[in-house]
Every structure is written in structure tokens, then in C-alpha cells.
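Report on the following structure.
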Amino acid sequence: MLRYARRSSGLGIGEDFVAKYLVTGVAGFIGRSIAAALLARGETVRGVDNFITGKRANLVGLEAMEFIEGDLTDPAVCARACAGVEFVFHEAALASVPRSVADPVGTNLNCVTATLNVLVAAREAGVRRVVYAGSSSAYGDTPTLPKQEAMLPNPISPYAVAKLAGEHYMRCFTRVYGLETVVLRYFNVFGPYQDPTSHYSGVLAIFCRRMLAGEQATIFGDGEQSRDFTYIDNVVHANLLAAAAPADKVSGQMMNMATGSRITLNQTFRILCELTGYSGEPAYAPSRAGDIRDSLADIGLAGELLGYKPVVDFRTGLQRTVEWYRLGGEGIGSRA
Ligand code: UD2
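Under the numbering used here, the first residue of the sequence shown carries the number 24, and numbering increases by one thereafter.
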């Protein structure tokens, strides 16, 4: 029996269309990248987004996907999105530490309530597995490096609390309801399609855009804070592995998703000067509230449980990212 009927024509979604994969937050850069990889593999995909931070332009190239515009804080949207699917990649969130400091309630709603709604709908729809986008911010500002999964979480921003609550809900739904869940704790993901236009955007997207335009970038703090910046292809690769891995090995588990190396913002700025041709100096401004000093992952567990190894290193990823922004990728969306 063909469980997942494919749509019959190149235009529109036939009535028999049933997606095997749901990607939430599909108009965001991580969701978009996962959906593109699934479609390239010939999978049937449904995506959902409310465009609070996602961009319509990011859906260009994903026409083979069924798309639902809707908000996951609405249980009816979650039910529609989950109907018939086997795997959910839950990427939707209101990312950003400073955004959460400014609006903790909005972050809670779009991260915690939405995640709980997705889990309830997934369970009711008979979804097999939910793969969740966790955040390295869960570790907080503890000095021990690298961060290992067994360490006690110590979230220091509303965003970190909200993303961590989602992790707990995942594990709880596995234990209590038998729904398979896998948590990938992402460490500062970057790459093409990341929105560089908001002051809540990831630092590398902001820096690429500004430096390519010959504008000064601002470093918050002394620039000696460090991150395990993770190129998007590594995260996509890990998500596909997490969906396919045997349940007895990965269900109910949480693991770091990163590269296992770190770099300071000052060093990163210098590399970006080389890659973009920018020749000025950065401006320095006071540190942001809720900011973490150093972040570095131990990626041993993902290696053990998923067979994960980074597929693109930081410098190569940064080169590709700069090129994408240089070619005007932002807002165009058609460059894969
Ligand atoms: C946190 C998480 C990350 C992800 C992200 C989502 C940590 C260690 N990481 O990233 O995994 O969940 O949240 O938003 O908690 N900065 C500047 N200038 C700018 C913008 C940022 O200096 O114009 C600094 C910022 O103060 C921070 C660093 O760059 O020290 C990285 O900031 P970010 O917003 O890209 O990501 P971060 O680390 O808050």
C-alpha cells in the first residue's frame, strides 16, 4: 500500500496529497533548509509558518511543498499541520535572546505554548517522531567547556528558559505518551537564508550584510566572547539522521548539534574583513543583557547516537554565507 500518495501534477496539491514530513517554521532559514533537503530527496513535505519572523521569499524554490499559513499557538492549526504526517521537524520559534528580554511573554507563547500544541497534535495524529530544535542557551553562562549534555541546565534569559521548556516537553511526551522525540541542541546556526535585517538577527547575518555594504558592525562587549558557530548544512544533515535513527537509540534523547570548535567575535570579524573586503574597524558597545560569554559543544553524543560528524567547517560555511549575501540572496530566495 502506498501510504504517502504523491501529488499528481506539477501545480497545486492534489486531494490525495499526504505529506510524510512536517516542517514548522518553514519560512525561517533552518526550517527552509530542512524542507529543501527533504524535497531534493523526493520526499512529500508540508510546511507551516506564521511569518512573524519567517520570510515569504524563503519559500521560493519550495513550491513542491504543501504550505499552511498559520500560527502554532492555535491548536486547530497544529491539528491540520500534523494530520497524516509521520515526522515533524519543529523549528518554529521566536529566536533571539534580546527579543525575549524585551518580550518574555511573546517568546513564551511562540516557543512554549506552540511547542506544547505541536506535541498534543502530533500525538493525536499518530505522528511517529518529533525532532525538536533546542538551543545551546540552555547551558547558561557556566564556565565549564565544552558543554556536555549531562550538565545541569542553567538558562539565564527568557529565551533560554522557553527553549529548555520545549526540551522537557519532548522528553515528557516520550515518557508519558510514548511519542518518539529527539532534541538537537543547536549552537549558533548560520548560513544562507538567515534574515540579516532585524537587530534580533544572528550576529553573522548582521555582520555579513553590514560589512558587504561597507557599513560598520557593532560588537557588544569586548568581542572576546566565543561561539561554536554551526553552518546550516551540518544542522540539516543532523536532522535527517535524527529522523532516521532507530528509536531505541535516540527517542527521548537530547544531544548537542554543533561543530566542536569555537571562535571569538573579534577573530570572526577579522575573517569577515578578508571575505567581504571590508577594511574598517568594528564599533564596540556594552554587552547585551542575558548574553553568554563562551559557548563550545562536545559533539561526542551526536556522533555516538546519530553517527553525526560536521560536514562543513566554519570557514567554508562562512565563505558560502558571504557569497550568498553578496549575490543578493536575501529577499530573493531562489538561490539554493
Ligand atoms: C543564542 C544561542 C543560539 C541560538 C540563538 C537564537 C547561546 C550561546 N547561543 O545565540 O544557540 O539559540 O540564541 O537567537 O546562547 N552580537 C554583536 N553584535 C551584533 C549582534 C550580536 O556583538 O550586532 C553578539 C551578541 O552580543 C553575542 C554574539 O554576538 O555575544 C552572538 O549573538 P547572537 O544573537 O547571534 O546569538 P546568541 O549567542 O545570543
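Note that CB positions come from ideal geometry on N, CA and C, so glycine has one too.
Beta-carbon proximity list for residue i, same chain, < 6 Å, skipping 5 on both sides
i    : result
A104 : L45, V71, I91
I57  : V46, F112, V259, N262
Q171 : D321
P176 : A161, L187
D256 : V334, V335
A60  : V259
A116 : C134
Q217 : F52, G225, A228
S159 : R208, F210, S318
T96  : L132, T136, A137
Residue(s) in a DSSP beta bridge with residue i
i    : result
A156 : L207
E92  : D72
A306 : T241
F196 : Bridge partners of F196: none, in fact.
D317 : S249
K170 : A320
Q276 : V205
Option in the options with minimal Cα separation from residue i
i    : options                : result
F110 : G163, L264, R285, A281 : L264
S221 : R232, S158, D256, P215 : R232
I286 : G313, G246, V68        : G246
L142 : V108, M174, T344       : V108
V206 : A236, F243, G157, A173 : G157
D314 : L82, K272, G163        : G163
G54  : G77, E66, G65, R64     : G77
Close Cβ partners of residue i (< 7 Å) along its chain, the five nearest in sequence each way excluded
i    : result
R198 : G275
A145 : C105, V111, V153, L202
E346 : none
Expected contact under 8 Å - CB spacing of residue i and residue j to nearest Å
i    : j    : result
Y301 : M234 : 4 Å
N140 : C101 : 4 Å
Y209 : T253 : 7 Å
G214 : T299 : Actually they are not in contact, since the Cβ atoms of G214 and T299 sit about 16 Å apart, beyond 8 Å.
A42  : E89  : 6 Å
A99  : F74  : Their Cβ separation, rounded to whole angstroms, is 18 Å, which puts A99 and F74 out of contact at 8 Å.
Near ligand 3: residue i beta-carbon under 7 Å from a heavy atom
i    : result
T220 : As presented, the structure is devoid of ligand 3, carrying ligand 1 as its sole ligands.
Contacting residues, own chain, Cβ-Cβ under 8 Å from residue i (five flanking each side not counted)
i    : result
I242 : L288, N289, F292, P305, A306, Y307, A308
R69  : A42, Y44, L45, V46, M88, E89, F90, I91, A104, V108
L34  : Here L34 scores only 35 on pLDDT, less than 50, and its place in the model is too uncertain to base an answer on.
* Does the region 269-288 touch the region 313-329, meaning 3 or more C-beta pairs lie closer than 8 Å? -> yes
* Would the region 129-147 and the region 182-190 be scored as touching if the rule is three or more Cβ pairs under 8 Å? -> yes
* **Segment contact flag, the region 288-306 with the region 219-235, C-beta cutoff 8 Å, min 3 pairs** => yes
* Asked: How do the region 295-311 and the region 138-152 stand: do at least 3 beta-carbon pairs fall below 8 Å, yes or no?
  -> no
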